[in-house]
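For reference, the structure discussed in these notes is given below.
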Amino acid sequence: MSLTKEEDVQMMLVCKTHLGTRNCDHRMKRYVFRRTVDGIHIIHLGKTWEKVMVAARALVAIENPADIIVASQRPYGSRAVLKFAQYSGAQAMAGRWMPGTLTNQITTKFM
1 MSLTKEEDVQ
11 MMLVCKTHLG
21 TRNCDHRMKR
31 YVFRRTVDGI
41 HIIHLGKTWE
51 KVMVAARALV
61 AIENPADIIV
71 ASQRPYGSRA
81 VLKFAQYSGA
91 QAMAGRWMPG
101 TLTNQITTKF
111 M
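Residue numbers (my numbering): 1 to 111.
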(Lines of atoms letter the chains of each structure in order from A and count residues from 1; the text may use other names and numbers.)
(Lines give C-alpha, C1' and ligand atoms only; values in the text may rest on other atoms or scores of the structure.)
Protein backbone atom coordinates (compact mmCIF):
# COMPACT_ATOMS: atom_id res chain seq x y z
CA MET A 1 0.00 0.00 0.00
CA SER A 2 1.76 3.08 -1.23
CA LEU A 3 0.31 6.34 -0.04
CA THR A 4 1.30 9.76 -1.24
CA LYS A 5 2.67 12.42 1.03
CA GLU A 6 -0.67 14.25 1.02
CA GLU A 7 -2.58 11.12 2.06
CA ASP A 8 -0.10 10.45 4.85
CA VAL A 9 -0.37 14.04 6.10
CA GLN A 10 -4.17 13.77 6.01
CA MET A 11 -3.98 10.61 8.15
CA MET A 12 -1.66 12.38 10.60
CA LEU A 13 -4.13 15.27 10.82
CA VAL A 14 -7.00 12.88 11.58
CA CYS A 15 -4.89 11.26 14.34
CA LYS A 16 -4.07 14.72 15.74
CA THR A 17 -0.32 14.17 15.59
CA HIS A 18 0.15 17.85 14.78
CA LEU A 19 -0.80 18.97 18.29
CA GLY A 20 2.22 19.67 20.43
CA THR A 21 2.65 20.97 23.95
CA ARG A 22 3.04 24.40 25.47
CA ASN A 23 6.74 23.82 26.03
CA CYS A 24 9.03 24.08 23.01
CA ASP A 25 12.74 23.33 23.10
CA HIS A 26 15.03 25.49 20.95
CA ARG A 27 15.95 22.40 18.88
CA MET A 28 12.28 21.83 18.03
CA LYS A 29 11.51 25.38 16.87
CA ARG A 30 12.28 24.56 13.23
CA TYR A 31 9.58 21.86 13.28
CA VAL A 32 6.88 24.09 14.75
CA PHE A 33 4.42 25.46 12.21
CA ARG A 34 2.82 28.03 14.51
CA ARG A 35 1.49 28.58 18.01
CA THR A 36 -2.18 28.83 18.94
CA VAL A 37 -3.73 31.51 21.14
CA ASP A 38 -3.74 28.99 24.01
CA GLY A 39 0.03 28.55 23.65
CA ILE A 40 -0.11 25.07 22.07
CA HIS A 41 2.56 24.55 19.42
CA ILE A 42 1.35 23.13 16.10
CA ILE A 43 3.87 20.78 14.51
CA HIS A 44 4.69 21.10 10.80
CA LEU A 45 3.43 17.80 9.34
CA GLY A 46 5.37 18.14 6.08
CA LYS A 47 8.66 18.17 7.96
CA THR A 48 7.42 15.38 10.24
CA TRP A 49 6.61 13.22 7.20
CA GLU A 50 10.09 13.82 5.77
CA LYS A 51 11.73 12.72 9.04
CA VAL A 52 9.50 9.63 9.21
CA MET A 53 10.61 8.68 5.69
CA VAL A 54 14.28 9.11 6.65
CA ALA A 55 13.74 6.87 9.68
CA ALA A 56 11.92 4.28 7.55
CA ARG A 57 14.83 4.16 5.09
CA ALA A 58 17.27 3.63 7.96
CA LEU A 59 15.17 0.81 9.43
CA VAL A 60 14.78 -0.96 6.09
CA ALA A 61 18.57 -0.96 5.64
CA ILE A 62 19.04 -3.13 8.76
CA GLU A 63 19.07 -6.80 7.78
CA ASN A 64 18.01 -8.36 11.10
CA PRO A 65 14.99 -6.63 12.70
CA ALA A 66 15.90 -8.12 16.10
CA ASP A 67 18.91 -5.75 16.13
CA ILE A 68 16.53 -2.77 16.37
CA ILE A 69 15.55 -1.48 19.82
CA VAL A 70 12.41 0.65 20.01
CA ALA A 71 12.21 2.63 23.24
CA SER A 72 9.89 5.01 25.03
CA GLN A 73 9.98 6.00 28.67
CA ARG A 74 6.79 8.01 28.41
CA PRO A 75 3.52 6.27 29.35
CA TYR A 76 1.72 7.41 26.20
CA GLY A 77 4.51 6.06 23.99
CA SER A 78 4.55 2.53 25.38
CA ARG A 79 1.62 1.26 23.31
CA ALA A 80 3.19 2.54 20.10
CA VAL A 81 6.53 0.95 21.00
CA LEU A 82 4.93 -2.41 21.74
CA LYS A 83 2.86 -2.39 18.54
CA PHE A 84 5.82 -1.37 16.37
CA ALA A 85 7.96 -4.11 17.89
CA GLN A 86 5.21 -6.66 17.40
CA TYR A 87 4.77 -5.90 13.69
CA SER A 88 8.44 -5.35 12.82
CA GLY A 89 10.20 -7.98 14.94
CA ALA A 90 12.22 -5.35 16.83
CA GLN A 91 12.91 -5.40 20.57
CA ALA A 92 10.61 -3.20 22.66
CA MET A 93 11.71 -1.22 25.70
CA ALA A 94 8.59 0.44 27.08
CA GLY A 95 8.80 2.19 30.41
CA ARG A 96 11.77 2.82 32.67
CA TRP A 97 15.18 1.45 31.78
CA MET A 98 17.31 -0.47 34.20
CA PRO A 99 20.76 1.13 34.44
CA GLY A 100 23.26 -0.78 32.30
CA THR A 101 20.65 -2.24 29.96
CA LEU A 102 22.73 -1.43 26.90
CA THR A 103 26.21 -1.48 28.44
CA ASN A 104 26.48 -3.90 31.39
CA GLN A 105 26.50 -7.52 30.18
CA ILE A 106 26.17 -8.92 33.70
CA THR A 107 22.64 -7.57 34.23
CA THR A 108 19.65 -9.79 33.51
CA LYS A 109 18.02 -7.17 31.27
CA PHE A 110 21.10 -6.70 29.02
CA MET A 111 20.20 -6.35 25.36
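By construction, the Cβ of each residue, glycine as well, lies at the ideal position given by its N, Cα and C atoms.
Taking the Cα of Tyr76 as reference, the smallest distance to any Cα among Arg35, Leu102, Ala94 is reached at Ala94. In the DSSP assignment, Arg79 falls within the alpha helix (DSSP H) that extends over 78–88.
Shown here, Ala71 sits in a strand according to DSSP, grouped into three states. Contact between the region 11–18 and the region 32–51 is established, with three or more Cβ pairs separated by less than 8 Å. Beta-bridge analysis with DSSP links Arg30 to no other residue. Pairing Ala90 with Ile62 gives a Cβ-Cβ distance that is not under 7 Å.
The beta carbon of Lys29 sits closer than 8 Å to none of the beta carbons in its chain outside the five residues before and after it. By the Cβ neighbour-count rule, Ala55 is exposed, with fewer than 16 other Cβ atoms within 10 Å of its own. In this structure, DSSP gives Gln10 a helical state, which the three-state scheme calls helix. With a cutoff of 7 Å on beta-carbon distance, Arg35 and His41 are scored as near each other.
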